[in-house]
Structure formats: structure tokens, C-alpha cells
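Before any comments, here is the structure.
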Amino acid sequence: MRIVGLICLMAVLASIVCAQDFSKSGSLEQLKALGEKEKVLFINKNYYALYSADFTNADSLAGWAAATSKKNHWKKEEADAQLNWAVITYLSGAYDKVLPKYFKALTLYDSLHDKRGLAKTNNEMSVFYHRTKNEEGSMKCLDVAEKYAKEINDLEILGTTMGHRGAYLLEEGKYKEARPYIEKQLQLRLLTHDSIGLGYVYLDFAEVAIHEGKLNESLEYIDLSSAIRKKIGDKQGLAVNTTNKAETYFNAKQYSNAAYWFEEALKQAKAIGYIDLIRHGYVYLSKTYVELKDYKKAYELDVVADAYRDSLFNIERAKVIHELQAKYETEIKDHKILELNIDNELKTATIERNTILIAALIVVLVLSAIVFYLWRKRQLHQQEIVMQEQKMRMREAQISAVIDSQEKERTRFATDLHDGIGQLVSALQINVQSLKQNKAEFELRDKLFTNSEQLLNDIYQEIKNIAFNLMPPILVKEGLLPSVRELVRKVNQAGKIKCTVTAFDFEGRFAELAEISLYRIIQELISNMIKYSTATEASLSFTGYSNEVVLTIDDNGMGYDLEKFKNSSGNGWRNIKSRLNLIKASI
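One gets the working numbering by counting positions in the sequence shown from 1 and adding 319 to each.
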């Protein structure tokens, strides 16, 4: 395997061109002469080289590329930028900001039906989920990535998927199960001339070799990987390789060599701002000094590592720090112990003081809450009183409107009786007296009989009109629609206005109260229309729905302001409003 690896390495190195300068100054110099879209394409194409050189600069450029692509509606470029930005964010250790970028990339690739983009994104998300201990999510992402990669026959992405599967098995100590995936990955990397991916393959072989007790072979594989990464200017990859070399010495229990290479790895990681690798390096360097029995140094390094650790390692961190601190404290002198005791007493006093302050604050908050509750309750009570008073005034106004309406109805009824039936009865009485006085004059008597008969017919008709106005019999017998049609017929006979009635999906009858109320409202509105609107035509339309009916009245008159009409203090509107409220209707 080592001979094959060396031959392959020579072939790959021969295909690698001289590395460009992707440092902050170098990348900005290359971007100067490019147009806006060319800049975005340059950043997306070289994002790996950019973050390998400088994480902070790469993060800034990827964010700019995503924002610029979104502004210009370049969906493919925005998707690539979001994916690259997510990877950089993850490697920088800002885990809480990673997933939104991945999901944005997925959404964009999906809208473009870009299977390659979807496969790449799922591969990267698998790494994030694995890192955050979500193994189910990690495996699902790998399955999706492998499916799309095979559908489009993308060997580069398929190689990445195989590499992840092998690496995860190696972490679980399943070296036998991991080897087929590693060998498949190597085959795919060589076919695609993927130098970056090949660097990772050699690291996997290095881990298998160290497991088999082949220290020198493991180190050779790491050196093969480093040679590739150095040739292409992959500073991030070199830092990872140096860390792996240090871990290899650590696992071989060569702790002095391990300490040296961890120090070198930290220098390389700090130079590019690789936060997660810095944290990892300090953690392992601390463990190395524990094995070297230098507990003070180990404790100091773990405190530094504490500043870099993410929230996923809180439990582990607390345990390690506690153990190291206990070992360190056993070696310090008696006077240091005394100082710590004094410090603990001061801390206890501070805690007691803080407890008193917190208790006082809680009491103040509780009292404030009680005062606020009582004040709020009083406010609500006052509001309720005001609302009750408003309801009472409204009720009184409605009652007043009803009484006024009834009085007007009585007055009109009395006027109709006096001016209509009263005069007709007086005329009939005169005819009867004339009949008594002219018994012999047959011709005159005949005329008087005829006139009396006409007067009786007029009296009957007048009584029918009065009865119709009071309560139309047709409303009681047949319902609202026939009675409205009869009312319109009578209005049309007067000749002042021409009305029409139409109905859509409106059949059957309502409750008696609803029919009477609607009829009176229509009667009032037509009366107002005749008196004030100067209209010559009007239409009434009934439209039925599942559980309600809509009445629409239109005319060609001068119209009116609905808000002024609603706020009117006249008896007509108050009467209409009271009837509307009675049947829970609205206008």
C-alpha cells in the first residue's frame, strides 16, 4: 500500500500547479480587477483555499458573495456562497450560526433542481451533525448525498461520502468495517485527481496503521498527505495533519514528541484563525502534560482551552478541569491552601450578601406585582362601570326611539282614522239623513244609495290600508318576500318612485320577529327615500347564504354619508338600529 501511495502521490503532485496567494492581501489584490459577478465566482471557486489561508477573511468574503448574489438574484451563485459560508462558519466554531446557512443553500439548490449542490450540502451537513452528536441526522444526510451523487455519476462527491462513512467508523473503533470505504475513497480520489480529498484518504490510512501498531507507516501516510497539502498551499489541511501527527505520537505514548507537534499545530491553527482546531489542540496538549506529570502546566492549558470550547463539551470540560485542579492543588504548599480557604470565606460572604440582595429584590418585585395587580383590577372595574353606563345610555336611547316610533305610529293611525275614515263616515251619515228626508224622490234616493255604497267601499279600502300599515296580513301568512313585493306594488301605484324586488337563493321564512323587524326597516328606508333622496328608481335585492341573508337597497337619488347616518340622532335611525340589534343584524 505504501508503494502504491507514493506512486499515486507523485502523479497527483505533478498535476498540481503552483499555489496562488490567498491571504487577505493576496486575495484582495486578485479581486481588484474583477467585476462584481466575477468576484463572486472567484470567491465560490476558491473558498477552500481562502479559509485555508485566513478564516476571518474567508468568512467576510463568503458573506459578501452571498449578499451580493441575493441582491442580483443570482440563485446558483447565492446557493454556492451560502454552502461555502456555512462550512467556514462551522470550522470557525460558531455552531449556532451554521444550520441556517445550510438550510438556505438547500432551499436554493432545490429550487434550481441542482442535485450536485444538494449532494454537496448534505455531505457537509453530515459532518456538522456528526460533530454535534446527532448521528441519525448525519447518516440521513450521507444517504441523500450518496443517492444524488450516484444519480448524476459525480465521483468526486461520492468519494467525499465514502470518506465520511469510513471516518465515522474509524472514530467508533470499527477499523475492519471502515477499510472498504477508505479504499473506495482512494480509488475515486485518484480517478478524479482530487488532491484535497486524497489528503484526507491518507489520514484515514494513517489511523488504520496506528491501530495495527504500525507507527512509522502511520507517520508516512501523514507525511504523504502533508506533502500534497503543502504543495497546494492548504494551510488549514497542514494544521490538521500536524495535529494528527501529534495525536499519533500521543497514542504511541511518546508524549514528548506529542507535546512538540501539538505546539506546532497550535501555531499553524492560530495563524489562520482555526478556532475549533485551537481548542482541540489545547485540550490534547493539556492531556499530554498530564501524562508527563506536569499537572500545573496541564491545568493552565486546560483553562486556556476552556475559552475555546463550545457548549457541547460543558460536562466533559467540568469533569476534566475538576480532576486537573485536584491534582494540582495536592502539590502546592500549605500557605497556598490557607489563601484558598480565605478566598472561599470571602466568596461565601459574597454569596450570602448576594442572597440577601436577591431576596430583597424578589420582595420588591412581588410587592410591585401586587400593587400593579390591584391598580389594574381597579382600572378594569372603572372601565366596566363606564361600559355599563354606555350600555344603559344606549338602551335608554333605543327605548326612547321605540317609544317615539310607537307614538308617531299612534299619531299617524289617529290621523288616518280622522282624516280618512272619519270624513267618509260623515259623508255616509249625510247620505243616510238625505234618504230619510227624500222618501218620495226615487231617482235622488237611487243616487244616494249608489253614493253610500261607494263611500262604504272607500271606508273598507281605507281600513285595509290602515291595517296593512299596522301589520300586513300577507307578512303574517306568506312571509317577508311576498309582503315586501306587496309594499313595493303599493309604492309604485303612488307614482313617485319606481321600485323593483329581486331575490337570489332566498327561500322559506324567518322567525316572526326577524320578518317583522326587517319589514319595518325596509318600510322606514323606503319612506326616507321618497321624502329626502329625490330618487326616481330604486331596487331591493335579497341574497341568501348558508346561514344568513344580505339585503341590498339601491336608488338613483342624491345618496348620503353612511357614517353621518350611523351617528344620526334622529328617531328614524334609532328605530332602525334598535330593530337591527334586536335580531343581531348589521348595516
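Ideal Cβ placement from N, Cα and C applies to all residues, glycine included. Being a predicted model, the structure only gives us computed values, none of them experimental.
- Spanning the alpha carbons of SER411 and TYR601 requires a straight line of approximately 16 Å.
- Per the coordinates, the alpha-carbon of ALA377 lies some 20 Å from the alpha-carbon of LEU585.
- Around the CB of LEU665, fewer than 16 other CB atoms lie within 10 Å, so the residue is classed as exposed.
- About 19 Å separates the beta carbon of LEU557 from that of ALA578, a gap too long to meet the 8 Å contact definition.
- Assigned with DSSP and collapsed to three states, PHE825 falls in coil, not helix or strand.
- Taking 8 Å as the cut-off, the beta carbon of THR853 is found no closer than this to the beta carbon of SER860.
- For GLY863, the uninterrupted beta strand (DSSP E) segment begins and ends at 856 to 863.
- In this structure, the CA atom of GLU539 is about 33 Å from the CA atom of CYS460.
- Contact between the region 366 to 386 and the region 563 to 575 is not established, with fewer than three Cβ pairs separated by less than 8 Å.
- In the structure shown, LEU832 adopts helical secondary structure according to DSSP, grouped into three states.
- Contact between PHE341 and GLY552 holds: their C-beta atoms lie close to 7 Å from each other, under 8 Å.
- PHE447 and LEU380 have their C-alpha atoms roughly 22 Å apart.
- ASP873 has SER858 as its beta-bridge partners, per DSSP.
- Straight across, the Cα-Cα distance linking ILE902 with LEU684 is about 50 Å.
- Within its own chain, the residues whose Cβ lies closer than 8 Å to the Cβ of PRO791, once the five positions on either side in sequence are excluded, are SER802, GLU805, LEU806 and TYR838, listed in chain order.
- Relative to the Cα of ASP473, the nearest Cα in the group GLN842, ASN442, ALA368 and GLU496 belongs to ASN442.
- Setting aside the 5 residues that flank it on each side, VAL810 is surrounded in the same chain by ILE816, CYS818, ILE845 and ILE849, each with a C-beta closer than 8 Å to its C-beta; the list follows chain order.
- Excluding five sequence positions before and after LYS549, the CB atoms of its chain that fall closer than 7 Å to its own CB belong to LEU557, given in chain order.
- Only exposed fits LYS572, as fewer than 16 other CB atoms lie within 10 angstroms of its CB.
- For GLU805, the enclosing alpha helix (DSSP H) stretches over residues 799 to 813.
- A Cβ-Cβ separation of about 4 Å places TYR467 in contact with ALA438 under the 8 Å criterion.
- In this chain, LYS612 is not harboured by any alpha helix (DSSP H), its DSSP state being neither H nor E.
- Assignment of beta-bridge partners to CYS818 by DSSP yields ALA857.
- Apart from the 5 residues on each side of it in sequence, LEU507 sits with its Cβ closer than 7 Å to the Cβ of LEU474, LEU477, GLY478 and MET481 in its chain, given in chain order.
- The closest CA to that of ASN900, considering only ALA833, ASP873, GLU856 and ASN847, is found on ALA833.
- Rounded to the nearest angstrom, the gap between the Cα atoms of GLU882 and ALA400 is 57 Å.
- Counting C-beta atoms within 10 angstroms of its own C-beta, PHE823 has fewer than 16 neighbours from the protein chains shown and is therefore classed as exposed.
- Counting along the chain, ASN376 sits inside the alpha helix (DSSP H) bounded by residues 374 to 390.
- Taking 8 Å as the cut-off, the Cβ atoms of PHE361 and LEU350 count as close.
- LYS796 counts as exposed, since fewer than 16 other beta carbons sit within 10 angstroms of its beta carbon.
- Bounds of the alpha helix (DSSP H) holding ALA486 are 474 to 490.
- Residues of the same chain with a CB within less than 6 Å of the CB of VAL463, apart from the 5 flanking positions on each side, are ASN441 in chain order.
- About 6 Å separates the beta carbon of PHE374 from that of ILE591, a gap short enough to meet the 8 Å contact definition.
- Under the criterion of beta carbons closer than 8 Å, LEU505 and VAL527 do not qualify as touching, at roughly 12 Å.
- The Cβ neighbour count for TRP580, taken over all protein chains shown within 10 Å, is at least 16; the residue is labelled buried.
- Put simply, of ALA398, PRO419, LYS420 and TRP404 the residue whose alpha carbon is nearest the alpha carbon of ASP429 is ALA398.
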